[in-house]
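Sequential numbering from 274 applies to the sequence shown in the working numbering. Quick notes on the structure that follows.
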Amino acid sequence: MRIDLKEAIRRLQSGEVIAIPTETVYGLAAPLTNVDAIKEIFTLKKRPLKNPLITHTLSLSGLTNTFPMHTEELIDTFWPGPLTLVLPQTNVPSLVRADLPTAAFRMPDHPLTLALLKEVGPLVAPSANLSGRPTATRPGHVEADFGKQFPILDGGPCKLGLESTILGYHKDKWHLYRSGSLPPAVFAPILSYIPEPFTAEKPLSPGQCFPHYAPKAKLTFGPSIPDSPTIIGFTGRTYKGAEKVFYLGPLSDPQEIAHNLFDTLRKLDDENIPHAWIDPDFPKEGLLATIFSRLQKAAH
Ligand code: TXA
Ligand code: MG
């Protein structure tokens, strides 16, 4: 059910979980102060309690006083926007943090959700998909996972279509905890280094350990094209022998590909496709590297 801003405020304040738009993907939101509604998010999503949530907020005041080096510059430059920061010593409840000593924060760049945060205060929100399913980037995706009656603050299709980039501070450096809409090179002017993926035995972003983004269709990366396949490919290329091609967009426009990625994975299910082949021939750089890693996880 599509609802407007006023109705969204009313429902959140009365303890309901609703779906909210952001510039990256849709989120399933509850106020940071409402433990019962936050528990309901985990139940609705079938999300493991060990996977912590991001707090969406207009500011960090009242949430933490501990700022690792460059935190303020990162915030000044990238908020509102698709950057999530994992920070130590916060007031975030342990349920949201999955008992970790740190908590994740971001300020989303969507006018409706910014207005919501102003009225309701900080909101906890994971992506608005069932755990393991392709991320929801359109209101219809939220309906597909949670039913037509589920309340959705309708902000149209998400502009970016890939989740936020997550940075965390560890041993005197910012590290990449999850690749996302911002390629790591954009942080170099502030940090004077490019944050590297965190590769400890125990990954610091628990979400990375769980299955992700998978449609019901089996997905295969090349190298050779099987007979009469369904193909996920790039606009402008010809796929000889393909029965059906799902075009992600042109390789000259990685942002367009990101915008269409999860919608395309969900279309496979809408059309009951049993098996699709992904064109593997593209440069694994910048945003396309993130798109590649999402497709690899989806194909797992
Ligand atoms: O773009 C986004 O970030 C979207 C929109 C709705 O804001 N949200 C999103 O949430 O992608 P979710 O729950 O699907 O992914 C959150 C990720 C998970 O991988 C989780 O493990 C990580 O954030 N995370 C949360 N708190 C953390 C913490 N304290 N330390 C490390 N990773 C954390
Ligand atoms: Mg997610």
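A virtual CB, placed ideally from N, CA and C, is assigned to each residue, including glycine.
Asked: Using DSSP with H/G/I as helix, E/B as strand and the rest coil, what is K513?; Found: coil
Asked: Run the proximity test for T339: is its beta-carbon closer than 6 Å to any non-hydrogen atom belonging to the ligand TXA?; Found: no
Asked: Is S400 a contact residue of the ligand MG, with contact defined as CB to any heavy atom under 6 Å?; Found: yes
Asked: Leaving out the 5 sequence neighbours to the left and right, which residues in its chain are closer than 7 Å to P496 when beta-carbon positions are compared?; Found: P553
Asked: For N307 versus G288, is the C-beta distance shorter than 7 Å?; Found: yes
Asked: Nearest by alpha-carbon distance to P523: which of K517, P502, E544, P556 is it?; Found: P556
Asked: Hey, is T295 close to the ligand TXA, as in C-beta under 6 Å from one of its heavy atoms?; Found: yes
Asked: Any heavy atom of the ligand TXA within a distance shorter than 6 Å of the CB on S574?; Found: Because the chain here runs from 274 to 573, residue 574 falls outside it and cannot be looked at.
Asked: When we look at the beta-carbon of L322 and count the other beta-carbons within 10 Å, is it buried (16 or more) or exposed?; Found: exposed
Asked: Taking DSSP as the reference, what is the three-state secondary structure of T339?; Found: coil
Asked: Rounded to the nearest angstrom, what separates K444 and F378 at their Cα positions?; Found: 20 Å
Asked: On the criterion of 16 or more Cβ atoms from any shown chain inside 10 Å, does K319 qualify as buried, or is it exposed?; Found: exposed
Asked: For a quick check, are the C-beta atoms of A549 and I498 less than 7 Å apart?; Found: no
Asked: Mind checking which residues open and close the alpha helix (DSSP H) that includes F535?; Found: 527 to 543
Asked: Going by alpha carbons, who is nearest to T297 out of V393, A409, I463?; Found: A409
Asked: Compute the distance between the beta-carbons of M380 and P353, then report whether it is under 7 Å.; Found: yes
Asked: Is G559 helix, strand or coil when you go by DSSP?; Found: helix
Asked: With a cut-off of 8 Å, do at least 3 Cβ pairs link the stretch 323 to 330 to the stretch 419 to 432?; Found: no
Asked: Along the chain, which unbroken stretches of the alpha helix (DSSP H) at least 4 residues long are found entirely within the stretch 332 to 416?; Found: 344 to 351, 367 to 370, 384 to 393
Asked: Report yes if the C-beta distance between A398 and A487 is below 7 Å; otherwise report no.; Found: no
Asked: Going by Cα to Cα distance, which pick from I564, T316, V290, T344 is closest to L358?; Found: T344
Asked: Looking at the structure shown, is V518 part of a helix, part of a strand, or coil, going by DSSP?; Found: strand
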